[in-house]
Amino acid sequence: MSTRENDNSIALNRRQVMLGLATAMGSGISNRLSLSGLLAAESSPSSSTGFAKNCIVMLLEGGPSHVDLWDMKPSAPDNVRGIFKPIQTSNPGVLVCEHLPLLSKQMHLLTQVRSVHHKINDHNAGAYYALTGRQPLKSGRLITSPSPADFPPMGSVLAQLRPAVKNVPSFVHIPELMFNNGSEIPGELAGFLGSEFDPLLAGDPSVKNYSIPGLRLHKNVGHGRLGQRRQLLEQLNGEDFGEPSERMTKFREKARGLLTSNETNNAFDLSAEPDFIRQRYGLPDRDDRSVEARKFGGLPHLGQSLLLSRRLIEAGVRLVTCCTGRRIDQTWDTHRDHFPLLKKSILPYFDRAFSALLEDLEQRGLLDETLVVAMGEFGRTPKLGQITSGAGAEPSGRDHWPDCYTVLLAGGPFKRGLIYGASDQF
Numbered sequence: 326m327s328t329r330e331n332d333n334s335i336a337l338n339r340r341q342v343m344l345g346l347a348t349a350m351g352s353g354i355s356n357r358l359s360l361s362g363l364l365a366a367e368s369s370p371s372s373s374t375g376f377a378k379n380c381i382v383m384l385l386e387g388g389p390s391h392v393d394l395w396d397m398k399p400s401a402p403d404n405v406r407g408i409f410k411p412i413q414t415s416n417p418g419v420l421v422c423e424h425l426p427l428l429s430k431q432m433h434l435l436t437q438v439r440s441v442h443h444k445i446n447d448h449n450a451g452a453y454y455a456l457t458g459r460q461p462l463k464s465g466r467l468i469t470s471p472s473p474a475d476f477p478p479m480g481s482v483l484a485q486l487r488p489a490v491k492n493v494p495s496f497v498h499i500p501e502l503m504f505n506n507g508s509e510i511p512g513e514l515a516g517f518l519g520s521e522f523d524p525l526l527a528g529d530p531s532v533k534n535y536s537i538p539g540l541r542l543h544k545n546v547g548h549g550r551l552g553q554r555r556q557l558l559e560q561l562n563g564e565d566f567g568e569p570s571e572r573m574t575k576f577r578e579k580a581r582g583l584l585t586s587n588e589t590n591n592a593f594d595l596s597a598e599p600d601f602i603r604q605r606y607g608l609p610d611r612d613d614r615s616v617e618a619r620k621f622g623g624l625p626h627l628g629q630s631l632l633l634s635r636r637l638i639e640a641g642v643r644l645v646t647c648c649t650g651r652r653i654d655q656t657w658d659t660h661r662d663h664f665p666l667l668k669k670s671i672l673p674y675f676d677r678a679f680s681a682l683l684e685d686l687e688q689r690g691l692l693d694e695t696l697v698v699a700m701g702e703f704g705r706t707p708k709l710g711q712i713t714s715g716a717g718a719e720p721s722g723r724d725h726w727p728d729c730y731t732v733l734l735a736g737g738p739f740k741r742g743l744i745y746g747a748s749d750q751f
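Numbering-wise (this note's numbering), the sequence shown opens with residue 326 and increments by one.
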């Protein structure tokens with residue numbers, strides 16, 4: 326499915342989209358990279374300056390099929406259009422899948438970039454490109470596993486250049502680092518910027534007795550005892566054991582600050598939300614989290630993960646990355662059972678949670694200053710059963726397709742309800 330320009334659309338490639346996002350967040354290659362530009366959003370009461378103050382990146386890991394979701398082809402042949410029916414939306418003339426009834430009411434808030442494309446057919450390398458905006462090549466080979474030499478994701482760059490003003494983390498990743506083909510996905514950690522700019526890993530906020538992994542005091546260690554330990558550490562550092570590196574000192578102070586921060590602990594406390602809000606995003610419908618979404622285990626964490634994303638942005642976190650699935654998932658990677666998986670295991674959770682996030686941000690007046698991005702590392706083949714990767718595709722599935730796919734944008738400086746670019750109409 327190639328890209329083309331028409332009278333009503335603008336064809337954009339993957340790099341142009343990422344450059345636009347970076348510029349919108351105040352970190353492009355223009356004069357907005359100046360200190361005054363970077364700080365402009367802090368003093369601006371709205372997005373009229375062209376900047377967003379915060380960002381939520383929803384990773385549609387595995388690669389969703391745009392032709393079955395929000396770029397439908399109702400007049401295309403059967404092996405392209407599939408079995409889902411299109412429905413009207415709040416954005417006149419824009420159709421979405423029948424299994425996105427709640428999102429259909431929020432489509433006036435979303436801009437679609439329908440002509441994003443690149444040449445990378447590998448999940449890990451494609452995700453690195455999506456997260457960092459950098460070609461996933463090193464010494465002529467694809468980057469498929471993380472390295473300290475990797476380029477950082479945008480959240481890490483923000484954590485370094487424009488950290489959170491309040492005593493909250495600058496960059497949070499929900500729920501876990503993505504994992505595929507024997508390796509964590511590259512581009513999730515800070516790479517050459519150093520581990521102090523890694524995201525705080527939030528874990529699954531929908532589980533019972535949820536707490537922030539690594540930031541909960543042991544039951545026998547109170548704040549007083551923590552202070553005593555800090556004093557002892559400072560005394561030891563003053564002896565002849567060698568001075569700690571400046572980076573380690575900053576890391577310790579950051580960890581201690583978060584551990585004792587009321588702002589951080591309050592932001593992660595979902596019990597403070599009214600029940601109807603938690604239900605609107607979607608409460609977990611099962612305790613067993615061992616079955617991945619592609620085996621019909623659903624996405625029980627997703628609603629509370631996106632609710633936590635909103636709470637974190639509200640508390641002052643600069644950028645939140647939220648994965649559709651968990652570590653064991655490549656949620657949208659539907660090489661087989663494509664339509665049953667979407668209908669039963671993926672879209673019911675996604676529809677409720679993502680529509681709730683947009684609705685909630687809009688009602689709270691946060692959408693103008695918060696850029697929301699929903700993107701995969703690529704899309705899926707326009708034809709059912711079409712094989713483009715080593716994983717292949719059964720007649721009931723769609724394989725990888727980086728040649729043309731859609732990125733969804735809402736809030737920040739972007740106009741609402743627009744369609745940029747176009748895919749083939751068949």
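Even glycine gets a Cβ: it sits at the ideal position worked out from N, Cα and C. Treat the numbers as computed from the prediction; the structure is a model and nothing was measured.
Handout entry: Through-space distance from Y745 to C647, alpha-carbon basis
Key = Using only the alpha carbons, I get a separation of about 24 Å.
Handout entry: Status (buried if at least 16 other CB within 10 Å, exposed otherwise) for V382
Key = buried
Handout entry: Three-pair Cβ contact test at 8 Å for the stretch 720-735 versus the stretch 385-393
Key = yes
Problem - Completely contained alpha helix (DSSP H) runs for the stretch 449-517, where each covers 4 or more residues - result: 479-486
Handout entry: Range of the contiguous alpha helix (DSSP H) that encloses T589
Key = 587-592
Exercise for the section: Could you tell me which of V392, L696, N591, K410 sits nearest to P494, measuring between CA atoms? Expected result: N591
Exercise for the section: Thinking D676 and P477 are a contact (beta carbons under 8 Å), I'd like their distance in whole angstroms, please. Expected result: With 8 Å as the limit, D676 and P477 do not qualify as a contact, their Cβ atoms being about 32 Å apart.
Exercise for the section: Report the partner residues of Y745 according to the DSSP bridge assignment. Expected result: The partner list for Y745 (beta bridge, DSSP) reads V438.
Problem - Given K378 as reference, the closest of I412, G737, R741 once Cα atoms are compared - result: G737
Handout entry: Alpha-carbon spacing of L696 relative to E687, whole angstroms
Key = 12 Å
Practice task
Determine the DSSP secondary structure at V421, reduced to helix, strand or coil.
Solution key: strand
Practice task
Would you mind stating whether A450 and T469 have Cβ atoms separated by less than 8 Å?
Solution key: The Cβ atoms of A450 and T469 sit closer than 8 Å to each other.
Problem - Which of helix, strand or coil DSSP assigns to I412 - result: strand
Practice task
For A681, I'd like the list of residues in its chain whose CB is within less than 6 Å of its CB, leaving aside the five on either flank, ordered along the chain.
Solution key: R605, Y606
Problem - Residue nearest to G458 in terms of C-alpha spacing, selected from A716, R741, G742, M700 - result: M700
Practice task
Given a cut-off of 8 Å, decide if I408 and V421 are closer than it, judged by their beta-carbon atoms.
Solution key: no
Handout entry: Buried versus exposed, by CB contacts within 10 Å (16 or more), P461
Key = buried
Handout entry: Paired residues, beta bridge with L379 - DSSP
Key = Reading the sequence as shown, one finds Asn at residue 379 and not Leu. N379 is bridged to T695.
Exercise for the section: Quick one: residues in its chain with C-beta nearer than 6 Å to the C-beta of P488, no 5 flanking neighbours on either side, listed in chain order? Expected result: The residues are S495.
Practice task
Let me know the secondary structure DSSP gives A735 once reduced to three states.
Solution key: Of the three classes helix, strand and coil, the one that applies to A735 here is strand, per DSSP.
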